[in-house]
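Read top to bottom, the protein sequences are chains Z and L.
With numbering that gives the first Met the number 0, letter number 311 in the first sequence gets 310, and the count goes up by one each step, no holes.
With numbering that gives the first Met the number 0, letter number 82 in the second sequence gets 81, and the count goes up by one each step, no holes.
The structure appears right after this line, and notes come after that.
2 protein chains.
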Amino acid sequence: MSNDNKLTLAGLAKLAGVSTSTVSRALNDNPLIKKETREMLQALAKENNFSLNRAASRLRTQKTNVVAVILNLIDDTDQSINDPFLLKVVGDLNQALNQKGYELLLSNSLMATDDWSNYFINSSRADGIIVIGQGKSTSKIEDVAAAGSPLVVWGDPKVAANYAVVGSNNELGGFIATEHLIDGGCQNIVFLGDPEHAEMSERHKGHCRALAQAGRVIDNNLTLSCDITSKAAYEKISTEILTKGLYFDGIVATSDMVALGAMKALKERYVSIPGDVSIIGFDDIAMAELLHPALTTVKQDTKSAAEVMVEQLLYQFQGKPAKSAIVDIELIARKSSKHA
Amino acid sequence: MSNDNKLTLAGLAKLAGVSTSTVSRALNDNPLIKKETREMLQALAKENNFSLNRAASRLRTQKTNVVAVILNLIDDTDQSINDPFLLKVVGDLNQALNQKGYELLLSNSLMATDDWSNYFINSSRADGIIVIGQGKSTSKIEDVAAAGSPLVVWGDPKVAANYAVVGSNNELGGFIATEHLIDGGCQNIVFLGDPEHAEMSERHKGHCRALAQAGRVIDNNLTLSCDITSKAAYEKISTEILTKGLYFDGIVATSDMVALGAMKALKERYVSIPGDVSIIGFDDIAMAELLHPALTTVKQDTKSAAEVMVEQLLYQFQGKPAKSAIVDIELIARKSSKHA
DNA sequence: AATCCAAATGCAAACGTTTGCAATTGTGAA
DNA sequence: TTCACAATTGCAAACGTTTGCATTTGGATT
Numbered sequence: 000m001s002n003d004n005k006l007t008l009a010g011l012a013k014l015a016g017v018s019t020s021t022v023s024r025a026l027n028d029n030p031l032i033k034k035e036t037r038e039m040l041q042a043l044a045k046e047n048n049f050s051l052n053r054a055a056s057r058l059r060t061q062k063t064n065v066v067a068v069i070l071n072l073i074d075d076t077d078q079s080i081n082d083p084f085l086l087k088v089v090g091d092l093n094q095a096l097n098q099k100g101y102e103l104l105l106s107n108s109l110m111a112t113d114d115w116s117n118y119f120i121n122s123s124r125a126d127g128i129i130v131i132g133q134g135k136s137t138s139k140i141e142d143v144a145a146a147g148s149p150l151v152v153w154g155d156p157k158v159a160a161n162y163a164v165v166g167s168n169n170e171l172g173g174f175i176a177t178e179h180l181i182d183g184g185c186q187n188i189v190f191l192g193d194p195e196h197a198e199m200s201e202r203h204k205g206h207c208r209a210l211a212q213a214g215r216v217i218d219n220n221l222t223l224s225c226d227i228t229s230k231a232a233y234e235k236i237s238t239e240i241l242t243k244g245l246y247f248d249g250i251v252a253t254s255d256m257v258a259l260g261a262m263k264a265l266k267e268r269y270v271s272i273p274g275d276v277s278i279i280g281f282d283d284i285a286m287a288e289l290l291h292p293a294l295t296t297v298k299q300d301t302k303s304a305a306e307v308m309v310e311q312l313l314y315q316f317q318g319k320p321a322k323s324a325i326v327d328i329e330l331i332a333r334k335s336s337k338h339a
Numbered sequence: 000m001s002n003d004n005k006l007t008l009a010g011l012a013k014l015a016g017v018s019t020s021t022v023s024r025a026l027n028d029n030p031l032i033k034k035e036t037r038e039m040l041q042a043l044a045k046e047n048n049f050s051l052n053r054a055a056s057r058l059r060t061q062k063t064n065v066v067a068v069i070l071n072l073i074d075d076t077d078q079s080i081n082d083p084f085l086l087k088v089v090g091d092l093n094q095a096l097n098q099k100g101y102e103l104l105l106s107n108s109l110m111a112t113d114d115w116s117n118y119f120i121n122s123s124r125a126d127g128i129i130v131i132g133q134g135k136s137t138s139k140i141e142d143v144a145a146a147g148s149p150l151v152v153w154g155d156p157k158v159a160a161n162y163a164v165v166g167s168n169n170e171l172g173g174f175i176a177t178e179h180l181i182d183g184g185c186q187n188i189v190f191l192g193d194p195e196h197a198e199m200s201e202r203h204k205g206h207c208r209a210l211a212q213a214g215r216v217i218d219n220n221l222t223l224s225c226d227i228t229s230k231a232a233y234e235k236i237s238t239e240i241l242t243k244g245l246y247f248d249g250i251v252a253t254s255d256m257v258a259l260g261a262m263k264a265l266k267e268r269y270v271s272i273p274g275d276v277s278i279i280g281f282d283d284i285a286m287a288e289l290l291h292p293a294l295t296t297v298k299q300d301t302k303s304a305a306e307v308m309v310e311q312l313l314y315q316f317q318g319k320p321a322k323s324a325i326v327d328i329e330l331i332a333r334k335s336s337k338h339a
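Okay, here's the thing in structure tokens:
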């Protein structure tokens with residue numbers, strides 16, 4: 000059926016009786032070519048299942064139309080490549096990139112290479128890099144920025160950086176989460192997460208601000224540090240209750256997955272949610288509303304965040320500088336917390 | 000700091016005082032080149048942040064070292080690009096591919112192009128295609144196979160196909176799931192999912208086989224058809240209980256997400272799990288063990304599945320034929336079901 | 001020394017596009 | 001008919017690698 004030696008521009012040109020330049024221009028919809036010839040050639044190409052060789056055009060144009068997306072996992076925890084929130088961001092980025100005619104090359108920070116700029120940009124595997132997550136160390140990211148490669152990072156925009164960071168207003172998120180619990184009547188609110196992590200630390204700040212505003216004393220013992228995984232949260236809350244009893248009536252969790260782990264620990268001990276303890280998460284992953292009770296949470300708008308990230312990356316392709324940007328967060332009040 | 004006109008092979012060659020051929024071979028670790036020269040040149044390359052231009056080498060070698068992974072979403076349902084199970088498979092594929100020196104180009108079936116073979120392979124964007132999910136229609140997949148492009152599909156291996164399918168033993172999975180509930184004493188077991196979908200249909204077959212083996216009558220009214228999303232499952236079970244009362248004491252759900260939706264519906268009506276109703280899921284996504292009660296489920300081993308898929312794809316790169324393969328499933332008995 | 005063979009390196013032609021510039025065609029005005 | 005000028009099209013040189021083949025180098029053997 001199919002002629003096996005692949006059709007090239009030259010072949011198609013011969014078929015049509017025109018030059019390769021004309022076919023090339025026609026397929027790229029260049030108005031230099033008369034409209035009828037353009038359409039004729041495009042039809043001919045489709046008819047013959049012809050598709051431009053991207054390797055060749057990338058070589059010639061020095062442009063790949065590919066963006067590398069790097070999942071910046073935290074090495075020393077169990078935060079896996081399967082973290083639902085991170086993967087949600089990947090999915091949304093995929094949509095946003097496709098919409099702009101770019102493709103997504105997926106990688107993660109556990110791969111061999113450390114020199115991202117060199118590996119992706121210099122090698123012309125991609126035109127730009129989007130890093131998901133600042134992690135605890137940002138040195139690899141800073142190297143990319145220093146090399147001048149187009150770069151956007153998902154993280155906390157309030158953290159000063161010499162590269163564009165897009166992310167939620169984490170401080171505000173922490174604030175309204177805590178405020179919500181206070182309004183619901185919680186007296187002893189625990190903060191559950193990893194305050195050393197960039198975004199989480201901002202959430203913690205907001206948490207403290209809300210407490211202060213309500214005139215509460217800030218008790219460091221109420222900040223429970225744990226890795227941002229369900230399992231770690233489950234274990235933390237379990238041992239906490241076991242050793243100290245139920246000394247709190249509210250939990251601000253730094254992510255929905257953390258909240259999930261905490262909820263399980265509570266339920267196992269027959270602690271009523273929200274009767275005895277109110278809990279609020281962060282992210283609003285798909286699962287949140289399907290938990291029982293449905294999880295109150297602070298929603299991160301990953302869809303528009305993805306669009307903003309892509310937009311900022313495209314600016315850099317045009318030589319314009321990119322800016323950090325904050326996307327709105329929103330309180331989603333569900334059943335896991337008492338309402339005012 | 001950095002010289003802005005990019006260093007090329009030729010430039011590096013001049014720097015080293017050798018020919019481009021030598022540098023090329025050295026960087027590709029070709030034993031034709033004396034070991035010392037090789038190491039010297041590799042060191043020089045690293046020193047100068049040199050990286051081979053992939054566009055050029057892909058053009059020359061006609062090989063990309065890229066694999067396109069396509070999320071084959073079901074258009075007319077809400078199964079989103081954020082489905083945790085599908086994304087888990089993507090994550091595992093990413094690992095498996097990287098291990099073999101390949102990169103992952105992520106796409107989904109909602110993008111513009113329909114002719115995957117043409118778009119990815121002919122255009123030399125990728126060397127092969129992995130499709131995740133057979134969906135309800137397999138025409139696009141069959142086109143790829145007909146075009147002779149390297150292809151592996153995640154789906155149900157029992158479905159006859161002229162391409163390599165890797166997947167779980169879904170029939171057996173459905174069987175042991177149902178058997179588990181029967182052993183636990185369930186009398187009226189409901190099957191919840193979409194029996195038209197390839198993989199789910201196999202699970203349904205296994206379900207029926209288990210019932211038959213236990214000497215139960217197979218009542219079609221106990222097969223509840225719904226889209227494979229949590230939301231659909233939640234709604235289905237809710238209205239079912241509302242209109243017909245609690246006429247079942249066991250649920251075989253076709254995925255963990257479906258199970259999650261069902262569990263929520265049950266809990267809202269104060270149906271005890273597993274006291275009144277036992278429930279078993281499918282997949283074993285991370286969240287399953289963190290639900291309350293922890294979800295009994297049939298685990299799909301996506302990690303080794305990903306490895307098998309990559310292996311089968313690489314066979315095709317070498318001109319060898321690929322075979323469909325079945326990966327083992329495993330019953331993970333947790334708290335959402337009564338045990339024998 | 002001369003010779004031979006293997007080891008190491010270099011030459012130059014691809015790979016399939018895109019694009020500045022030159023060349024051709026078509027159109028209307030003089 | 002001739003000319004000027006715009007609209008189309010074609011020529012040919014890149015883009016940066018890889019690789020078959022020719023060439024050089026370095027020992028070891030006569």
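Every residue, glycine too, gets a C-beta built ideally from N, C-alpha and C.
None of these values were measured; they are calculated from a predicted model.
Rounded separation between residue i and residue j - CA only
| i | j | result |
| --- | --- | --- |
| L:Ser1 | L:Ile331 | Since pLDDT at L:Ser1 reaches only 39, below the 50 mark, its modelled position is unreliable, and the value read off the structure follows with that caveat. Answer to the nearest angstrom: the Cα atoms are 56 Å apart. |
| L:Asn168 | L:Gly205 | 10 Å |
| Z:Glu329 | L:Ser56 | 48 Å |
| Z:Glu267 | Z:Lys62 | 55 Å |
| L:Ile69 | L:Leu14 | 43 Å |
| L:Ala339 | L:Gly183 | 4 Å |
| L:Lys334 | L:Ile284 | 16 Å |
| L:Ala146 | L:Gly318 | 15 Å |
| Z:Ser277 | L:Asn220 | 40 Å |
| Z:Pro320 | Z:Pro156 | 16 Å |
| Z:Val257 | Z:Lys230 | 8 Å |
| Z:Phe316 | Z:Val88 | 22 Å |
| L:Lys337 | L:Asp275 | 10 Å |
| L:Leu289 | Z:Leu8 | 56 Å |
| Z:Leu265 | Z:Ile272 | 8 Å |
| L:Phe190 | Z:Trp115 | 48 Å |
| Z:His203 | Z:Val65 | 36 Å |
N- and C-terminal bounds of the alpha helix (DSSP H) containing residue i
| i | result |
| --- | --- |
| L:Val257 | 255–267 |
| L:Val307 | 301–316 |
| Z:Thr60 | 53–60 |
| L:Val88 | 83–98 |
| L:Thr242 | 229–243 |
| L:Gly173 | 169–182 |
Chain Z contact for residue i (CB, 8 Å cutoff)
| i | result |
| --- | --- |
| L:Ser1 | Confidence at L:Ser1 is low in this model, with a pLDDT of 39, below 50, so its placement is unreliable and the value that follows should be read with caution. So yes, L:Ser1 belongs to the interface. |
| L:Asn161 | no |
| L:Gly268 | Note on residue identity: the sequence assigns Arg, not Gly, to residue 268 of chain L. It does not; no Cβ of chain Z falls within 8 Å. |
| L:Pro83 | yes |
| L:Lys263 | yes |
| L:Lys5 | yes |
| L:Asn71 | no |
Any chain L beta carbon closer than 8 Å to residue i
| i | result |
| --- | --- |
| Z:Arg124 | yes |
| Z:Glu198 | no |
| Z:Thr63 | yes |
| Z:Leu354 | This structure gives no information on residue 354 of chain Z, because the portion of chain Z shown stretches from 0 to 339. |
Residue interval of the beta strand (DSSP E) (run including residue i)
| i | result |
| --- | --- |
| Z:Phe119 | Segment: none, Z:Phe119 is in no beta strand (DSSP E) and carries neither H nor E. |
| Z:Phe281 | 277–282 |
| L:Leu330 | 328–331 |
| Z:Glu195 | Counting along the chain, Z:Glu195 falls outside any beta strand (DSSP E), and DSSP gives it neither H nor E. |
Give, in chain order, every residue of the segment 201–234 of chain Z whose Cβ lies closer than 8 Å to some Cβ of chain L. Result list: Ser229, Lys230, Tyr233.
Is the segment 306–323 of chain Z touching the segment 246–253 of chain Z, taking contact as three or more C-beta pairs under 8 Å? Taking 8 Å as the limit for Cβ pairs, the verdict is that the segment 246–253 of chain Z does not touch the segment 306–323 of chain Z.
Could you run through the segment 40–59 of chain L and flag, in chain order, every residue whose CB is less than 8 Å away from some CB of chain Z? Within the segment 40–59 of chain L, the residues whose Cβ lies closer than 8 Å to some Cβ of chain Z are Asn48, Phe49, Ser50, Leu51, Asn52, Arg53, Ala54, Ala55, Arg57, Leu58, listed in chain order.
Taking any Cβ of chain L, which residues in the segment 97–113 of chain Z have a Cβ under 9 Å from it, in chain order? Answer set for the segment 97–113 of chain Z: Asn97, Glu102, Leu103, Leu104, Leu105, Ser106, Asn107, Leu109, Met110, Ala111.
Cβ contact check for the segment 100–117 of chain Z and the segment 37–47 of chain Z: 3 or more pairs under 8 Å: Segments in contact, no.
What residues in the segment 299–314 of chain L bring their beta carbon closer than 8 Å to a beta carbon of chain Z? Taking 8 Å as the Cβ-Cβ cut-off against chain Z, none of the residues of the segment 299–314 of chain L qualify.
Just by C-beta distance, which residues in the segment 279–290 of chain Z are closer than 9 Å to chain L? Residues of the segment 279–290 of chain Z whose Cβ lies closer than 9 Å to any Cβ of chain L, in chain order: Ile284, Ala285, Met286, Glu288, Leu289, Leu290.
Residues of the segment 21–40 of chain L with Cβ closer than 9 Å to any Cβ of chain Z, in chain order: Residues passing the 9 Å Cβ filter: none.
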